[in-house]
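Everything on this sheet refers to the single structure shown next.
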Amino acid sequence: MTLGYILSRYPLLSETFILREMWEVERQGHTVNVYALRVVAGSKRHPRAARLRARVVVPGWVNLRAHAHWLRRRPRAYLATLAAALWHNRQDLNLWLGAVAYWGKAVAIAARLEADGVERLHAHYATHPALVAYVAHRLTGVSFSFTVHAHDIFCHQAMLPQKLAAAERVVAISRYNRTHLLATVPAAEREAVQGKIAVVHCGVEVMPLAAAARALPAAAVRPLRLLAVGSLQAYKGHRHLIEACALLQQAGQRWECRIIGGGPLQAGLSTQIHRLGLASAAGGGVHLAGPADEDEVRAALAWADVFVMPSIVMPRTGQMEGIPVALMEAMAAGRAVVASRISGIPELIEDGVEGLLVPPGDAGALAAAAARLQDAGLRQRLGVAARRRVEQEFELSTSVTQLLAVWGVTHEVAA
Numbered sequence: 002m003t004l005g006y007i008l009s010r011y012p013l014l015s016e017t018f019i020l021r022e023m024w025e026v027e028r029q030g031h032t033v034n035v036y037a038l039r040v041v042a043g044s045k046r047h048p049r050a051a052r053l054r055a056r057v058v059v060p061g062w063v064n065l066r067a068h069a070h071w072l073r074r075r076p077r078a079y080l081a082t083l084a085a086a087l088w089h090n091r092q093d094l095n096l097w098l099g100a101v102a103y104w105g106k107a108v109a110i111a112a113r114l115e116a117d118g119v120e121r122l123h124a125h126y127a128t129h130p131a132l133v134a135y136v137a138h139r140l141t142g143v144s145f146s147f148t149v150h151a152h153d154i155f156c157h158q159a160m161l162p163q164k165l166a167a168a169e170r171v172v173a174i175s176r177y178n179r180t181h182l183l184a185t186v187p188a189a190e191r192e193a194v195q196g197k198i199a200v201v202h203c204g205v206e207v208m209p210l211a212a213a214a215r216a217l218p219a220a221a222v223r224p225l226r227l228l229a230v231g232s233l234q235a236y237k238g239h240r241h242l243i244e245a246c247a248l249l250q251q252a253g254q255r256w257e258c259r260i261i262g263g264g265p266l267q268a269g270l271s272t273q274i275h276r277l278g279l280a281s282a283a284g285g286g287v288h289l290a291g292p293a294d295e296d297e298v299r300a301a302l303a304w305a306d307v308f309v310m311p312s313i314v315m316p317r318t319g320q321m322e323g324i325p326v327a328l329m330e331a332m333a334a335g336r337a338v339v340a341s342r343i344s345g346i347p348e349l350i351e352d353g354v355e356g357l358l359v360p361p362g363d364a365g366a367l368a369a370a371a372a373r374l375q376d377a378g379l380r381q382r383l384g385v386a387a388r389r390r391v392e393q394e395f396e397l398s399t400s401v402t403q404l405l406a407v408w409g410v411t412h413e414v415a416a
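The numbering of the sequence shown is the working numbering, which starts it at 2 and goes up by one.
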């Protein structure tokens, strides 16, 4: 089967999970075309991006030939779809502007699908990518589906019922997301929609990550090594982790903390670290390590004793995690993990079994959990259980096989 993936930006360093999914779809014998709405500038990218065989298409902003094509071929569908996109997104400025900005790109992608041999479209995120898939479907009749993750259904719900109704299938990355998604649908339409929403977890490759566990030195006297991986945005909760480190420092604990990721809060977090005297603290300090590719993240997991995911729910917008893939990676590497009890995270971690769960935004609880994990025996027990959980339910090849089954596609000859 030839699949067309519609992505907002490509290749985006923080969306390793989409890159891995496409790579595994190819490995399972299918052809992938990537239709990217924008290209990501910058030199750092995942090595795997170069190994993806997919053709990458980035349509221009102005495509007069494509507009003329559809106005001649399907004028009613063209005008009705444009009107629907503008009307149903009118109460969300972000999505309305996206409908205006990406209309030309959607029309251009639709014009290419037949020549590219695309049999199905799949979008990641229910916002701009799903809208583009919806437009292409309305113009061409090609079936489409989309995966919902986090902000795309927690913060932006305009036109969700229309996208759900038009999509052949919808993929939720957690049971929490499926329940949340159904709540956005009018009660009268819920029964018709719920059968098309499937839960398929994002997956990680367990074996390469498990090798990081074997690389961990059996430390006894050195400080406890804490690691966090995630873009430096408010809902990731890094400021609470930094506050927790200050509490550990005050309690005389020995620790060091590395935060991997880039983003808009870098300057503010750096200021907080210096204000709390943690830049070169006696216990080891907090270091903002910047963005990293997947090989660098694996090396950091080999360094770490404990992985911390201090996510929060944003009070005004409701933005929060889905099930963070970085958390799955740490668990696959056999690391003890501390995470917030929000969204789909409890579907991955049972408190005290595969990791420790704490209330979101509670620096004291984060510090207490880290202090508990000074116990090497507890770290070992949690890490073993964590790796087993990911192997059983969050392995990449299994997740992609499940995704293909949702599309009614079987595993073909491996590449």
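Ideal placement from N, C-alpha and C gives every residue a C-beta, glycine not left out.
Problem set entry | Entirely enclosed alpha helix (DSSP H) segments - the segment 60 to 143, minimum 4 residues | 65 to 74, 76 to 89, 94 to 117 and 129 to 141
Exercise. Taking the C-alpha atoms as reference points, what is the distance between Ala387 and Ser400?
Worked result: Within the sequence shown, numbered from 1, the residue matching residue 387 stands at position 386. Within the sequence shown, numbered from 1, the residue matching residue 400 stands at position 399. Distance between the alpha carbons of Ala387 and Ser400: 17 Å.
Exercise. For Ala116, which residues from the same chain have a beta carbon less than 8 Å from its beta carbon, with the 5 sequence-adjacent residues on both sides left out?
Worked result: Counting from one through the sequence shown, the residue named residue 116 turns up at place 115. None.
Exercise. Does DSSP classify Ile313 as helix, strand or coil?
Worked result: The residue given as residue 313 occupies position 312 in the sequence shown. Here Ile313 sits in coil by DSSP.
Exercise. If Ala78 and Leu122 are in contact, beta carbons under 8 Å, what's the gap, nearest whole angstrom?
Worked result: One-based indexing of the sequence shown puts residue 78 at position 77. One-based indexing of the sequence shown puts residue 122 at position 121. Going by Cβ atoms, the distance from Ala78 to Leu122 rounds to 16 Å, so no, they are not a contact pair.
For this session: List the DSSP bridge partners of Phe147.
Result: In the sequence shown, counting from the first residue as 1, residue 147 sits at position 146. The partner list for Phe147 (beta bridge, DSSP) reads Ala124 and Val171.
For this session: With a cut-off of 8 Å on the beta carbons, I'd call Tyr126 and Val57 a contact; round off their distance for me.
Result: Locating residue 126 in the sequence shown gives position 125, where the first residue counts as 1. Locating residue 57 in the sequence shown gives position 56, where the first residue counts as 1. Not quite, the Cβ-Cβ distance comes to about 18 Å (not below 8 Å), so this is no contact.
For this session: Look at the alpha carbon of Asp352 and the alpha carbon of Tyr135, and state the distance between them as a whole number of angstroms.
Result: Mapped onto the sequence shown, residue 352 falls at position 351. Mapped onto the sequence shown, residue 135 falls at position 134. The alpha-carbon of Asp352 is positioned some 40 Å away from that of Tyr135.
For this session: Taking only the alpha-carbon atoms, compute the straight-line gap between Arg28 and Glu322 and give it to the nearest angstrom.
Result: Here residue 28 refers to the residue found at position 27 of the sequence shown. Here residue 322 refers to the residue found at position 321 of the sequence shown. So the two alpha carbons sit approximately 28 Å from each other.
Exercise. How should Tyr244 be labelled, buried or exposed, when 16 other C-beta atoms within 10 angstroms of its C-beta is the threshold for buried?
Worked result: By 1-based counting over the sequence shown, the position of residue 244 is 243. Per the sequence shown, residue 244 should be read as Glu rather than Tyr. Burial call: buried.
Problem set entry | Reference Leu248; option with closest CA among Gly61, Ala372, Arg21 and Met2 | Here residue 248 refers to the residue found at position 247 when the sequence shown is read from its first residue. Closest option to Leu248, Cα to Cα, is Ala372.
Problem set entry | Meets three-Cβ-pair contact criterion under 8 Å: the segment 171 to 184 and the segment 258 to 265 | no
Exercise. If you run the structure through DSSP and keep just helix, strand and coil, what is Cys246?
Worked result: Looking up residue 246 in the sequence shown gives position 245. Assignment of Cys246 by DSSP, reduced to helix, strand and coil, places it in the helix class.
Problem set entry | Beta-carbon proximity check, Glu16 vs Leu397, cutoff 8 Å | Reading the sequence shown from its first residue, position 15 is the one you call residue 16. Reading the sequence shown from its first residue, position 396 is the one you call residue 397. No; because the gap between Cβ atoms is not below 8 Å, this pair is not in contact.
Exercise. What span of residues does the alpha helix (DSSP H) with Gly269 cover, start to end?
Worked result: Here residue 269 refers to the residue found at position 268 when the sequence shown is read from its first residue. Start and end: Gln267 to Arg276.
Exercise. When the Cβ atoms of the segment 306 to 319 are set against those of the segment 221 to 236, are three or more pairs found closer than 8 Å?
Worked result: Yes, they touch.
For this session: Tell me where the alpha helix (DSSP H) around His152 begins and ends.
Result: The sequence position of residue 152 within the sequence shown is 151, counting from 1. His152 to Phe155 is the span of the alpha helix (DSSP H), which, as asked, contains His152.
For this session: Could you name the residues of the same chain whose beta carbon sits closer than 8 Å to that of Glu190, not counting the 5 residues immediately before and after it, in chain order?
Result: Start at 1 with the first residue of the sequence shown, and residue 190 comes out as number 189. Cβ neighbours of Glu190 beyond the five flanking positions: Pro162 and Ala166.
Exercise. With Met310 and Leu289 assumed to form a contact (beta carbons below 8 Å), what rounded beta-carbon distance in angstroms separates them?
Worked result: Here the question's residue 310 lines up with position 309 in the sequence shown. Here the question's residue 289 lines up with position 288 in the sequence shown. So it is not a contact: roughly 16 Å between Cβ atoms.
For this session: Check Asp296 in the structure and name its three-state DSSP category.
Result: Here residue 296 refers to the residue found at position 295 of the sequence shown. Looking at Asp296 - three-state DSSP - the assignment turns out to be helix.
For this session: Could you check if Ala55 is buried or exposed, using at least 16 other CB atoms within 10 Å of its CB as the buried criterion?
Result: Walking along the sequence shown from the start, residue 55 turns up at place 54. When all chains shown are included, Ala55 counts as buried.
For this session: Could you tell me which residues DSSP pairs with Trp304 in its beta bridges?
Result: Stepping through the sequence shown from its first residue, residue 304 is reached at position 303. Looking at the DSSP assignment, Trp304 forms no beta bridge with any residue, so it has no partner.
For this session: Give the DSSP-derived three-state secondary structure of Ala415 in the structure shown.
Result: For the purposes of this step, residue 415 is taken as residue 414 along the sequence shown, with counting starting at 1. Bear in mind that a pLDDT of 47 at Ala415, under 50, signals an unreliable position, so the number given afterwards is only what the model happens to contain. Coil, per DSSP.
Problem set entry | Nearest-angstrom Cβ-Cβ length linking Ala268 and Leu302, presumed shorter than 8 Å | The residue given as residue 268 occupies position 267 in the sequence shown. The residue given as residue 302 occupies position 301 in the sequence shown. Their Cβ separation, rounded to whole angstroms, is 27 Å, which puts Ala268 and Leu302 out of contact at 8 Å.
For this session: Determine the burial state of Leu357: buried for a count of at least 16 other Cβ atoms within 10 Å of its Cβ, exposed for fewer.
Result: Numbered from its first residue, the sequence shown carries residue 357 at position 356. Per the 10 Å Cβ criterion, buried.
Exercise. Counting only runs that start and end within the segment 14 to 51, where is the alpha helix (DSSP H) found for 4 or more residues in a row?
Worked result: 17 to 28
Exercise. Just curious, the beta strand (DSSP E) that Ile346 is in, first and last residue?
Worked result: Taking the sequence shown and counting its residues from 1, the one referred to as residue 346 is at position 345. From DSSP, Ile346 is part of no beta strand (DSSP E) but of the alpha helix (DSSP H) over Ile346 to Leu349.
For this session: Taking His181 as part of the alpha helix (DSSP H), name the residues at either end of that continuous run.
Result: Reading the sequence shown from its first residue, position 180 is the one you call residue 181. Arg176 to Ala184 is the extent of the alpha helix (DSSP H) around His181.
For this session: Pull up the distance between the alpha-carbon of Ile208 and that of Asp376, whole angstroms please.
Result: Translated into positions along the sequence shown, residue 208 becomes position 207. Translated into positions along the sequence shown, residue 376 becomes position 375. A small correction: the amino acid at residue 208 is Met; Ile does not occupy that position in the sequence shown. Taking the straight line joining both Cα atoms gives about 26 Å.
Problem set entry | Coil, strand or helix - Ser341 by DSSP | Here residue 341 is taken as the residue at index 340 of the sequence shown, counted from 1. If DSSP states are grouped into helix, strand and coil, Ser341 belongs with the strands.
Exercise. Bridge partners of Ile260, per DSSP?
Worked result: Within the sequence shown, residue 260 is the residue found at index 259, counting from 1. Looking at the DSSP assignment, Ile260 forms a beta bridge with Ala229 and Leu289.
Exercise. Is it true that the CB of Val338 sits closer than 8 Å to the CB of Ile350?
Worked result: Taking the sequence shown and counting its residues from 1, one reaches residue 350 at position 349. Taking the sequence shown and counting its residues from 1, one reaches residue 338 at position 337. A contact, by the Cβ cut-off of 8 Å.
For this session: Please state if the CB of Val108 and the CB of Trp62 are separated by a distance shorter than 8 Å.
Result: As a working note, residue 62 is residue 61 in the sequence shown. As a working note, residue 108 is residue 107 in the sequence shown. No, they are not a contact pair.
Exercise. For the candidate residues Gly335, Ile313, Ala369 and Phe18, whose alpha-carbon lies nearest to that of Ile346?
Worked result: Mapped onto the sequence shown, residue 346 falls at position 345. Nearest option by C-alpha distance: Ile313.
Exercise. Quick one: what does DSSP say Glu192 is sitting in, helix, strand or coil?
Worked result: As a working note, residue 192 is residue 191 in the sequence shown. It is helical.
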